[in-house]
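Here is the structure we will look at, set down as structure tokens.
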Amino acid sequence: MATMGGESDRGAIEASGRIGSETSMKNMERELLCPVCQEMYKQPLVLPCTHNVCQACAREVLGQQGYGSHTGDPSSEPTSPASTPSTRSPRLGRRTLPKADRLDRLLKSGFGTYPGRKRGALHPQIVTFPCPACQGDVELGERGLNGLFRNLTLERVVERYRQSVSVGGAILCQLCKPPPLEATKGCTECRATFCNECFKLYHPWGTQKAQHEPTLPTLTFRPKGLMCPDHKEEVSHYCKTCQRLVCQLCRVRRTHSGHKITPVLSAYQALKVSGQQAKEEVAQLVRGLGAVLEEKRATLLQAIDECQQERLARLGAQLQEHRSLLDGSGLVGYAQEVLKETDQPCFVQAAKQLHHRIARATEALQNFRPATSSSFRHCQLDVGREMKLLTELSFLRVPEAPVIDTQRTFAYDQIFLCWRLPPHSPPAWHYTVEFRRTDVPNPPGPTRWQRREEVRGTSALLENPDPGSVYVLRVRGCNKAGYGEYSEDVHLHTPPAPVLHFFLDGRWGSSRERLAISKDQRAVRSIPGVPLLLAAERLLTGCHLSVDIVLGDVAVTQGRSYWACAVDPASYLVKVGVGLESKLQENFQGAPDVVSPRYDPDSGHDSGAEDATVEASPPFAFLTIGMGKILLGAGGSGGAGLTGRDGPGAGCTVPLPPRLGICLDYERGRVSFLDAVSFRGLLECPLDCSGPVCPAFCFIGGGAVQLQEPVGIKPERKVTIGGFSKLD
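First residue of the sequence shown? That's 1 in this note's numbering, and the numbers climb one at a time after it.
Right under this line is the structure:
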């Protein structure tokens, strides 16, 4: 009974194993099915989205999308009749394809009308493929399917799978109409198995295929090496920058100039590191540490032995010296003999001499000190730091994704990017910064990023960006373990016009004693002083306030210009804008104090609040800021493009952004005020540009303004002007 029970258990276990194996094979089979034809892959192509599709299926899908047949590669038409679904049987109609030379003529003449291109258009065709796996449109570039690699690894997996499921059974013909007949021949050139009828049909007499040598039927036909789709040569190198396999011709072309290219063998070894090899490397490193410690231990022990031998030698010499002093001289025996002397005069004479000798010997013994110390305290070791390092010994990890410091990253005349590594992240030896414009059409193929390699530190400066553009930037770190993950993308808007650099000029204007200009002439503060106190005293009857103005030391006479500044949110009333240089000097130089706080130094032309009956453009355009708010007057609804004659009549306020941008279009006679952080338009006003136009800043009461400095990598510093800290 026990034997029968054991046999039944073994049978159950074997049956369970067979069921598990069959389930695993079925799961694997689903991985080997083309998402288009739902059959096993035949000459699969790797799409840019990393999914696979049969070559013949890809042609059919593109044909249904309206693309010409030239999106495939006629020269790479499968030599195996079993490679395309439409020719699996000799009884089915064969697909006729145009010849290669005809396709070339059609391409040059702009044959056909297809999506993304008009007839006679000068721009090349950009083929878009609807991937059935990810349900997204994938751009294949100008060359279409010709620019895709074949997935030979997947082909080999399919062949091994077919062979495994056919073990113990007959090899069937791959060209017969179902049900297929048993294969009798194989063809290495066609990489297919045939029955007698199919072999004769696909190898007719009088053709080149008739020269093919038949072999025994098999399913292990090895495909050729991976070929470059551009030059039809076997790939031999791997471009780390483009992350693409290249051939020898690709390597010497300008496309990969300056890229990091390594042999395929090196890339293969780097990607296929086994666990056993990793264990051997760790064991070798630990053995190396052990050898260093053993060598250090032997060196330290030898040093202690040498110190011990030296001390013993010094003590032995000292002992020998004192022993000779006591025993060699015979002083004790001589004293005993002197005591036997009975002649009194002679004894007195000898005793005095003997007394001096005994006194000297006694003093030498009393002052005896060992020639060396017995302590070995100087041989103590402090291994606390080393023990900590050994305790923290672990595998080297790649740096984590850096974090972009959005508070210190901005674009002005240059783009300044600043980042940091997250806490507890492994250190990075250097960084790679990538950037590209997002407001221009991308060229065909993969997204092209511009790179700045091996950036030291945690900041980078990108010079000469295009004005009025949007850039996306990212960064990743690198150490001995390799490259880490990319940071999150950050989008930066560059100024809409070239940056105008100028300094503040306080040599003219009224009340210069109330304006404190910094030494670098890029920050100014208005000190209200006594006039504001007198105004508060006469608040109910009238108010005498002073208007202080400071101009830039340059004047604009053409083109478009942009500059930015930061206004202290605690300012009482500040006006930022532009005006005709002649009118500014005429109205503000030596002007008396102004009665009524409602007085506007620009004659009512700030924030678009101009008289609707006046047709001429005002000589001034100012934006009014006070107590952390921006006043948008009549028509100033916050949207760019609104003039003083548009919009509702009531004014409104918006929060003061960290930086204000001013864009002057001299030819159009327009000035725009922007949020210099998000580049959102605040207000657009007309301006009289019949003469030179200067940047201007007006103060009523206390206030402070800081011009934005040119972007640059420099140590952080703060400049304080009368208690007002300079803004970054």
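Each residue gets a CB set at the ideal place from its N, CA and C atoms; glycine is no exception.
Residue range of the unbroken alpha helix (DSSP H) whose run includes residue i
i      : result
Cys242 : Segment: none, Cys242 is in no alpha helix (DSSP H) and carries neither H nor E.
Ala56  : 55-64
Gln269 : 264-271
Backbone secondary structure at residue i - three-state DSSP
i      : result
Met40  : strand
Gly649 : Confidence at Gly649 is low in this model, with a pLDDT of 41, below 50, so the placement of that residue should be treated as unreliable; the coordinate-derived value is given next. Correct three-state label for Gly649: coil.
Leu381 : coil
Glu454 : strand
Cys198 : helix
Phe679 : coil
Pro710 : coil
Glu386 : helix
Gly579 : strand
Ser164 : helix
Tyr114 : Reliability of the predicted coordinates at Tyr114 is poor, the pLDDT of 36 falling under 50, and the value obtained from them is presented with this limitation in mind. Three-state result, Tyr114: strand.
Arg514 : helix
Val282 : helix
Gly608 : Since pLDDT at Gly608 reaches only 41, below the 50 mark, its modelled position is unreliable, and the value read off the structure follows with that caveat. Gly608: coil per DSSP, three-state reduction.
Val292 : helix
Cys346 : helix
Gly144 : helix
Cys685 : strand
Ile171 : coil
Pairwise C-alpha distance: residue j and residue i
i      : j      : result
Glu709 : Ala523 : 10 angstroms
Leu389 : His237 : 40 angstroms
Pro345 : Ala351 : 10 angstroms
Val576 : Ile625 : 8 angstroms
Ser678 : Glu142 : 36 angstroms
Glu454 : Leu492 : 22 angstroms
Pro44  : Val246 : 19 angstroms
Trp429 : Leu473 : 20 angstroms
Leu396 : Glu485 : 15 angstroms
Leu584 : Arg254 : 57 angstroms
Lys232 : Lys209 : 22 angstroms
Thr557 : Leu674 : 21 angstroms
Arg360 : Gly333 : 17 angstroms
Ile358 : Asp343 : 22 angstroms
Glu294 : Arg287 : 10 angstroms
Gln349 : Leu319 : 33 angstroms
His136 : Ala170 : The amino acid at residue 136 is misidentified as His; the sequence shows Gly. So the alpha carbons of these two residues sit roughly 42 angstroms apart.
Ala183 : Val46  : 31 angstroms
Arg456 : Gln248 : 33 angstroms
Leu707 : Asp553 : 13 angstroms
Arg311 : Gln353 : 38 angstroms
Ala516 : Ile527 : 8 angstroms
Leu172 : Cys187 : 14 angstroms
Tyr794 : Arg420 : It is not possible to answer for residue 794, since the shown part of the chain is limited to 1 through 728.
Residue i - containing beta strand (DSSP E), residue span
i      : result
Tyr431 : 430-437
Cys565 : 560-567
Arg420 : 415-420
Cys250 : Note, Cys250: premise wrong, no beta strand (DSSP E); alpha helix (DSSP H) at 248-252.
Lys629 : 629-632
Ile700 : 693-700
Lys185 : 185-187
Phe129 : 127-130
His491 : 490-493
Tyr412 : First-last for Tyr412: undefined, no H or E at that position.
Cys34  : Premise fails: Cys34 is in no beta strand (DSSP E) and is neither H nor E.
Ser459 : 459-462
8 angstroms contact criterion, which residue i and residue j should meet: CB distance rounded
i      : j      : result
Leu145 : Ala270 : About 30 angstroms; that fails the 8 angstroms criterion.
Ser487 : Ala401 : 5 angstroms
Residue from the options whose Cα sits closest to the Cα of residue i
i      : options                        : result
Ser571 : Asp688, Val705, Cys307         : Val705
His424 : Leu417, Pro399, Gln414         : Pro399
Ala616 : Arg670, Gln414, Cys173         : Arg670
Leu175 : Glu197, Glu159, Ser164, Arg160 : Glu197
Phe620 : Ser690, Ser164, Trp449, His378 : Ser690
Leu664 : Arg680, Cys694, His356, Pro658 : Cys694
Lys177 : Ser672, Thr188, Cys195, Ser375 : Cys195
Ile261 : Pro214, Cys190, Asn464, Cys239 : Cys239
Ser459 : Thr128, Thr406, Met40          : Thr406
His355 : Cys307, Ala335, Ser257         : Ala335
Val292 : Glu386, His256, Glu337, Thr50  : Glu386
Cys54  : Thr409, Pro692, Leu682, Val36  : Val36
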